[in-house]
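S.K.: Sharing a structure here in structure tokens format.
Protein chains: 2
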Amino acid sequence: MVNRIKLARMEKGWTQEQLASRVKATRQTIGLIEKGEYNPSLNLCIAICKELGKTLDELFWEGF
Amino acid sequence: MVNRIKLARMEKGWTQEQLASRVKATRQTIGLIEKGEYNPSLNLCIAICKELGKTLDELFWEGF
DNA sequence: TACATTTGTTATTTATATATTACATTAGAC
DNA sequence: GTCTAATGTAATATATAAATAACAAATGTA
């Protein structure tokens, strides 16, 4: 699974913990998603996108 | 959860069963996702998008 | 009408995403 | 070097996505 969460999060200057609390998830879950070792739910993906000011394609669609 | 799966599927002329077999899911799962009563995994969303020739934003991003 | 296909819906089971807790590792500041 | 914040990682528990099976309700067609 390809994604650009880490880059978008760092552009915001946020830690994994800060992003996690904003999307009501845990730091570990964010970390695993950033590493591509997780298959997150659509709702969590959308919450992450909204907090980071990106769309689904921008963060999760390969080749975007 | 807003999505446009049903419309895209009917444009292809496929039944829920046909789409389901293409993405290795069940007819029931497709039906529930179309009705917005499910929170599907990202991988399943991506598989559906590829089969229907759409992107994540086109099928799952609200207001797209 | 009757018949077949598609979709809706429910109950139960299974697989897995996510939470929780804990401890290790890394990176930077001092 | 120490100290601290951030991140990695693993074990276990919990919530829920998804599968399976069965039957009902549509929908169209002869």
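Residue numbers (numbering that gives the first Met the number 0), protein chains in the order written: chain A, 0 to 63; chain B, 0 to 63.
Heads up, the beta-carbon is just placed ideally off N, CA and C, and yes, glycines get one too.
#1: Out of A:63, A:37 and A:15, which has the shortest C-alpha to C-alpha gap to residue 25 (chain A)?
#2: Taking residue 8 (chain A) as part of the alpha helix (DSSP H), name the residues at either end of that continuous run.
#3: Output the residue ranges of the alpha helix (DSSP H) runs that lie fully inside the stretch 10-58 of chain B and measure 4 residues or longer, sorted by chain position.
#4: Are the CB atoms of residue 4 (chain B) and residue 58 (chain B) within a distance shorter than 8 Å?
#5: Measure the alpha-carbon distance for residue 47 (chain B) versus residue 17 (chain A) and round it to whole angstroms.
#6: Can you tell which of B:61, B:41 and B:63 has its C-alpha closest to the C-alpha of residue 61 (chain A)?
#7: When Cβ atoms are compared, which residues of the stretch 34-57 of chain A fall closer than 9 Å to chain B?
M.R.: A quick look at the data gives this:
#1: Your numbering for residue 25 (chain A) matches position 26 in the first sequence. Comparing Cα-Cα distances from residue 25 (chain A) to each of A:63, A:37 and A:15, the minimum goes to A:15.
#2: Position 9 of the first sequence holds residue 8 (chain A). Counting along the chain, the alpha helix (DSSP H) containing residue 8 (chain A) begins and ends at 4-11.
#3: 15-21, 26-33 and 41-51
#4: Start at 1 with the first residue of the second sequence, and residue 58 (chain B) comes out as number 59. Start at 1 with the first residue of the second sequence, and residue 4 (chain B) comes out as number 5. Yes, these two residues count as a Cβ contact at 8 Å.
#5: On the second sequence, position 48 is the one that residue 47 (chain B) refers to. On the first sequence, position 18 is the one that residue 17 (chain A) refers to. Their Cα atoms are separated by approximately 32 Å.
#6: The residue you call residue 61 (chain A) lines up with position 62 of the first sequence. Per the Cα distances, B:41.
#7: Of all residues in the stretch 34-57 of chain A, those with a C-beta nearer than 9 Å to a C-beta of chain B are 37, 38, 39, 40, 41, 42, 43, 44, 45, 48, 54, 55, 56 and 57, reading in chain order.
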